[in-house]
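Residue numbers (the working numbering), protein chains in the order written: chain A, 177 to 441; chain B, 864 to 933.
All C-beta atoms, glycine included, are put in the ideal place defined by N, C-alpha and C.
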């Protein structure tokens with residue numbers, strides 16, 4: 177089954193970041209191993225004499241071309257709707273895409289999104305023609321509001337960015353899935369290990385977005401492969417229909433004709 | 864007059880020529896070979912508007928370039 181992001185059909189359910197890798201070559205190999213067709217980038221001030229951004233941009237362009245993928249620029253570092261809207265417009269001009277991973281941070285300690293500024297920025301950007309992929313907390317009502325504004329894709333966090341703590345509040349995430357069946361849900365941030373991604377897909381989430389879990393692994397390329405396999409397992413598990421939990425034990429082996437059955441009683 | 868480009872202060876003489884294109888020439892040796900986007904005082908300025916956007920004393924220009932991101 178393919179993933180549909182604002183009308184784009186993708187073969188992978190993994191969106192992957194381009195930061196924190198030991199080297200550009202390892203980044204490339206990890207992205208290729210992951211099978212991802214969506215790579216995130218950002219914009220920052222840079223020393224004009226170094227042209228490091230130019231090199232990274234050209235490198236990522238090559239990867240995107242190789243996998244037939246798409247760029248997903250983010251608004252990392254923004255703390256107000258105005259900053260995020262401006263950065264989104266700058267990104268659209270450079271990257272030539274209306275997709276934007278909308279981040280508006282409300283707290284420096286845990287990098288928690290600011291829901292008020294996020295909604296404000298989302299409304300402005302959608303009116304301006306952007307396809308918004310908002311990074312948000314696992315708050316059902318916030319996700320509903322984002323969906324009502326026109327976000328076809330919503331990206332609640334698993335846990336704070338870069339922590340690797342996995343799914344902090346599975347109940348909240350399951351409730352969002354249950355209440356927003358039409359939304360494309362991507363679990364974003366805090367994923368630490370392949371089983372976290374598998375669990376998200378088993379819940380019915382459509383995809384995951386991660387960076388640190390692969391880039392900071394001892395072997396990023398091997399970890400990227402592990403995530404690809406975990407996502408496939410999670411998707412197939414969800415599609416197969418997971419059995420209902422039961423409160424009491426039920427023997428798997430038939431009890432009829434059990435040998436030595438109560439022979440001493 | 865003085866303007867800020869990515870936080871660095873520049874003093875400009877001959878204010879009549881001070882527009883975004885002029886600021887880019889201060890920042891880059893070869894702007895045409897770089898990938899960037901511009902904001903003036905926190906508002907996006909599209910490429911088509913560089914020439915026609917005049918600068919005034921105290922203006923703050925952000926010139927941003929692609930970088931790795933998550």
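Asked, Found
"Buried versus exposed, by CB contacts within 10 Å (16 or more), residue 387 of chain A", "buried"
"Enclosing beta strand (DSSP E) for residue 424 of chain A [first to last residue]", "Run containing residue 424 of chain A: none; DSSP gives neither H nor E here."
"Sequence ranges, alpha helix (DSSP H) only - wholly within the segment 244-287 of chain A, length at least 4", "257-271"
"Candidates A:276, A:414, A:197, of which the one nearest residue 254 of chain A by Cα", "A:276"
"Exposure of residue 425 of chain A, with buried meaning 16 or more beta-carbon neighbours within 10 Å", "exposed"
"Within-8 Å CB hit, residue 217 of chain A to chain B", "yes"
"DSSP state of residue 364 of chain A mapped onto helix, strand, coil", "strand"
"Per-residue DSSP class, three states only, for residue 909 of chain B", "coil"
"Cutoff 8 Å: residue 928 of chain B Cβ touching any chain A Cβ", "yes"
"Beta-carbon contacts of residue 385 of chain A that lie in its chain and below 6 Å, excluding the five residues immediately before and after", "191, 362, 364"
"Beta strand (DSSP E) segments (min. 3 residues) lying fully within the segment 309-373 of chain A", "329-332, 360-364"
"contact_flag[the segment 198-214 of chain A, the segment 913-929 of chain B] where n(CB pairs < 8 Å) is 3 or more", "no"
"According to DSSP, residues forming a beta bridge with residue 193 of chain A", "A:216"
"Residues of the segment 274-296 of chain A with Cβ closer than 7 Å to any Cβ of chain B, in chain order", "none"
"The segment 284-298 of chain A touching the segment 325-338 of chain A, judged by at least three CB pairs closer than 8 Å", "yes"
"Own chain partners of residue 391 of chain A with C-beta closer than 6 Å, once the 5 adjacent residues on each side are dropped", "196, 197"
"Contact check, residue 907 of chain B vs residue 351 of chain A, beta carbons under 8 Å", "no"
"Contact with chain B by residue 310 of chain A, beta-carbon distance below 8 Å", "no"
"Residues in the segment 221-244 of chain A having any Cβ partner in chain B nearer than 8 Å", "221, 222, 224, 225, 227, 228, 229, 230, 232, 233, 236"
"Beta-carbon gap between residue 152 of chain A and residue 902 of chain B smaller than 8 Å", "Nothing can be reported for residue 152 of chain A, as the shown portion of chain A is limited to 177 through 441."
"Straight-line gap, residue 897 of chain B to residue 184 of chain A (C-alpha atoms, nearest Å)", "29 Å"
"Euclidean distance between Cα positions of residue 416 of chain A and residue 177 of chain A", "13 Å"
"Outcome for residue 403 of chain A when other beta-carbon atoms lying within 10 angstroms are tallied against a minimum of 16", "buried"
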